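I have placed the structure first, in the form of structure tokens, so that the comments after it can refer back to it.
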Amino acid sequence: MLAVIYLMTMTIAWLALVQHCLPSAPSLVKLAGGLLVGIVFTAWITYAVAFGLHSATDESLLVGIFAALAVHGVVIGLLGRGLVASRIRITPFELVFIALSLALSFWLMDNRLLVAYDAPGDPLLVSAETWGDTALHTALSRSFAEGTNYPTEYPFFANESIRYHFGYDFFAGALQKGGLSVALSFNLPGALGFTAMMALLFSVGRMLFATAG
Numbered sequence: 001m002l003a004v005i006y007l008m009t010m011t012i013a014w015l016a017l018v019q020h021c022l023p024s025a026p027s028l029v030k031l032a033g034g035l036l037v038g039i040v041f042t043a044w045i046t047y048a049v050a051f052g053l054h055s056a057t058d059e060s061l062l063v064g065i066f067a068a069l070a071v072h073g074v075v076i077g078l079l080g081r082g083l084v085a086s087r088i089r090i091t092p093f094e095l096v097f098i099a100l101s102l103a104l105s106f107w108l109m110d111n112r113l114l115v116a117y118d119a120p121g122d123p124l125l126v127s128a129e130t131w132g133d134t135a136l137h138t139a140l141s142r143s144f145a146e147g148t149n150y151p152t153e154y155p156f157f158a159n160e161s162i163r164y165h166f167g168y169d170f171f172a173g174a175l176q177k178g179g180l181s182v183a184l185s186f187n188l189p190g191a192l193g194f195t196a197m198m199a200l201l202f203s204v205g206r207m208l209f210a211t212a213g
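Counted from 1, the sequence shown has number 24 at position 24 by this note's numbering; the numbering is strictly sequential.
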């Protein structure tokens with residue numbers, strides 16, 4: 001599946017870059033930093049290409065995805081040798097922490113946005129606490145996945161330029177274009193990103209505690 005390759009190469013490429021720039025950083029910081037940096041840079045690379053080519057082709061988003069894959073390949077080719085096990089070591093305690101963080105993250109995301117497969121038509125369900133905001137983000141992601149939205153506007157309001165962050169919504173739209181469902185396109189990077197933030201917080205706290213001790 002294209003979306004899976006997109007995510008995997010993104011993580012490897014930007015992890016290689018973080019490893020190259022911060023070789024002495026803790027392994028959890030490298031892993032989390034590679035994922036978070038990867039989402040930001042990959043989304044903007046894809047968007048820049050899709051925006052630049054939207055007037056030339058109806059598949060500009062797909063071209064943008066392949067352009068990002070090409071960038072990932074170049075980064076991996078140049079810096080991939082630094083990704084050796086001896087430089088990225090994860091202790092058993094850290095593995096347990098990551099596993100628990102992932103479980104919590106996926107539980108949170110799945111309770112916010114999910115597909116009701118037991119209901120007719122497999123409707124998309126949104127939690128009561130986030131339904132208004134999620135409706136906007138879902139519509140925006142679909143505007144990218146199913147058509148063109150360049151220059152980017154709100155799907156709900158005609159001829160209104162966007163005044164709110166849309167990078168994550170575009171990234172979800174790209175994942176949908178790559179084959180993921182609406183729910184998974186939001187929940188998968190959301191859970192991975194939340195886990196990365198917890199890993200960074202844990203690593204910073206451990207470094208501060210070690211310094212104080």
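A virtual CB, placed ideally from N, CA and C, is assigned to each residue, including glycine. Owing to the predicted nature of the structure, the values given are computational and were not obtained by experimental measurement.
Three-state secondary structure (DSSP) of residue i
i: S127; result: coil
i: L83; result: coil
i: E160; result: coil
i: E146; result: helix
i: E153; result: strand
i: T42; result: helix
i: T9; result: helix
i: I90; result: coil
i: H287; result: Within the shown structure, residues of the chain are numbered from 1 to 213, placing residue 287 beyond reach of any answer.
i: G77; result: helix
i: I121; result: Looking at the sequence shown, residue 121 is not Ile but Gly. Coil at G121, not helix or strand.
i: D58; result: coil
i: A25; result: coil
Environment of residue i [buried if 16+ CB atoms lie within 10 Å]
i: T42; result: buried
i: L209; result: One detail in the question is off: residue 209 reads as Phe in this sequence, not Leu. Burial call: exposed.
i: D169; result: buried
i: Y157; result: Looking at the sequence shown, residue 157 is not Tyr but Phe. The residue is exposed, with fewer than 16 neighbouring Cβ atoms inside 10 Å.
i: N159; result: exposed
i: H72; result: buried
i: S127; result: exposed
i: N93; result: What sits at residue 93 in the sequence shown is Phe, not Asn. Exposed, because fewer than 16 other Cβ atoms sit within 10 Å of the Cβ of F93.
i: G213; result: Interpretation of G213 is limited by its pLDDT of 44, a score under 50 that renders its predicted location unreliable; no figure is taken from the coordinates.
i: A145; result: buried
i: G205; result: exposed
i: G249; result: Nothing about residue 249 can be reported from this structure: the residues present for the chain run from 1 to 213 only.
i: T57; result: exposed
Residues bridged to residue i [DSSP beta-bridge criterion]
i: L113; result: V126
Proximal residues to residue i (C-beta, below 6 Å), its chain only, five neighbours per side dropped
i: A231; result: The requested residue 231 does not occur in the structure, where the chain is confined to residues 1 to 213.
i: S105; result: A191, F194 and T195
i: A172; result: S141, S185 and F186
i: S27; result: I88, R89 and I90
i: A199; result: L28 and A32
i: L2; result: G178 and G179
i: M109; result: N187, G190 and A191
i: T148; result: H54
Cβ shell of residue i (< 8 Å), same chain only, five flanking positions each side left out
i: V37; result: W14, L17 and V18
i: S181; result: V115
i: L53; result: S60, V63 and G64
i: V49; result: S60, V63, G64, A67 and A68
i: K30; result: L15, V18, Q19, L22 and I88
i: G82; result: A16, Q19, H20 and P23
Cβ neighbours of residue i in the same chain (closer than 7 Å, five flanking residues each side left out)
i: T152; result: I162 and F166
Run through the stretch 173-212 for me and flag every whole alpha helix (DSSP H) of 4 or more residues, listed as ranges in chain order. 182-212
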